[in-house]
Amino acid sequence: MRVLSPLRTDGAEVDPAGLADVVAAGTLPYRRTADGSVEVALVHRPRYHDWSLPKGHQDPGEPLTLAALRETAEETQLHCRLGGRLGHTTYEVTGKGRKVVHYWAAEVVHDDGFVPSDEVDALRWVPVRLAGDMVSYEHDRSLITRLATVGVPTATVVFVRHAKAGSRDDWDGDDDLRPLSGTGFSQADRLADFLPRFGPDRLYRAPPLRCAQTIAPLAEKLGLPAPVAEPRLGERGYWVDPGAGRARFRELAAQPGVTLICSQGGVIPDVVEDLLTGSGTDHAGVPSHKASTWVLGFDAGETLLFADYYRRPPA
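Mapping of the sequence shown onto the working numbering: position 133 corresponds to residue 176, and the numbering continues sequentially without gaps.
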């Protein structure tokens, strides 16, 4: 598997520095055309006479990931699934102070048809290579350049560690049958709210019961079949032959669309570190907290484009 210096970010659901007076979120919506090229959606705001990216303020208590999708749908009628984080922009707003806007690339999965409003009166689809010349602000131009440089994935893996389970020391039976704790079930419910924002098409899991329980609420919410058990992606099967485990991961990662895999803390860091090795990207101490998520984007299952880490599902 080739790696082209993927973006690695640690996703935050609040202003990470705590310095912003205004926190907002948005997306750079994209779609593939019939010839395989990429177009992005830009919006025109009559109040400012500018072309920019869809974005808006984070509501109190609202996760940034949800705010980004909500604002995009409200302004453009485009329903998207999140891809890689593009970073954030920071600027001063007269009378309001310092504003930070967090952005994601977002693949359009459904278009309700644009409806002009007082806030946004036009939407235009533009080839990504030309979009930077059309936007009004340099900070938007830098995000478009980043997407054009990194590329958009043909396949994405949402790699989830199971939620908190009961104590291993207090469990006398087969460890694969150790269930989630009360906290773990609460985390599983929060994951069922969080993970649909990435639009999983299919679900897989390691054999332990706690992995099945972690994504059961998600499967029910999305109406997807029960997740398929993958012995080589559980700790017991993986460490018998790590090379075979990584190979199986690559097979699953090559599937078009979005594949979700729920695994264990003894597997996820090794797989992610292997993907990042040789990329020029920091891969020391790859984290994998309980109920955390790695979102990994690939081009044709061969090139790692981005690696975003979300430490926990938002409350």
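Cβ atoms here follow ideal geometry from the backbone N, Cα and C, with glycine treated the same way.
- A check of alpha carbon separations from residue 190 across 259, 312, 74 and 317 identifies 74 as the nearest.
- In this structure, the CA atom of residue 111 is about 15 Å from the CA atom of residue 85.
- Looking at 341, 212, 97 and 357, the one whose alpha-carbon comes closest to that of residue 127 is 341.
- Excluding five sequence positions before and after residue 214, the CB atoms of its chain that fall closer than 6 Å to its own CB belong to 221, given in chain order.
- Assignment of beta-bridge partners to residue 281 by DSSP yields no partner.
- If only complete runs of 3 or more residues are kept, the region 182 to 269 shows the beta strand (DSSP E) at 198 to 204 and 245 to 248, in order along the chain.
- In the three-state DSSP reduction, residue 135 falls in the strand class (E or B).
- Taking all protein chains shown into account, residue 71 has 16 or more neighbouring C-beta atoms within 10 Å of its C-beta and is therefore buried.
- Contact between residue 333 and residue 206 holds: their C-beta atoms lie close to 6 Å from each other, under 8 Å.
- Counting of Cβ neighbours within 10 angstroms places residue 173 among the exposed residues, the total staying below 16.
- A straight line joining the alpha-carbon of residue 299 with that of residue 77 spans about 16 Å.
- When rounded, the separation of the alpha-carbon atoms in residue 175 and residue 157 is 22 Å.
- The beta carbon of residue 254 lies closer than 6 Å to those of 205, 248 and 305 in the same chain, with the five residues before and after it left out.
- Counting C-beta pairs closer than 8 Å gives fewer than three between the region 286 to 298 and the region 226 to 240, which falls short of the contact rule.
- Bounds of the beta strand (DSSP E) holding residue 71 are 65 to 75.
- By the beta-carbon neighbour count (other beta carbons within 10 angstroms, threshold 16), residue 147 is buried.
- In this structure, the straight-line span from the alpha carbon of residue 90 to that of residue 163 is close to 9 Å.
- Around the beta-carbon of residue 331, 16 or more other beta-carbon atoms lie within 10 Å, marking it buried.
- About 51 Å separates the beta carbons of residue 282 and residue 177, which is beyond the 8 Å limit, so they are not a contact pair.
- If you draw a straight line from the Cα of residue 355 to the Cα of residue 303, it is about 16 Å long.
- The alpha-carbon separation between residue 166 and residue 152 amounts to approximately 17 Å.
- Assigned with DSSP and collapsed to three states, residue 319 falls in helix.
- Within the DSSP secondary-structure output, residue 82 pairs in a beta bridge with 74 and 170.
- By the neighbour-count criterion, in which 16 or more other beta carbons inside 10 Å mark a residue as buried, residue 114 falls on the buried side.
- Secondary structure of residue 141 (DSSP, three-state): strand.
- For residue 338, the three-state secondary structure derived from DSSP is strand.
- In this structure, the alpha-carbon of residue 262 lies about 11 Å from that of residue 236.
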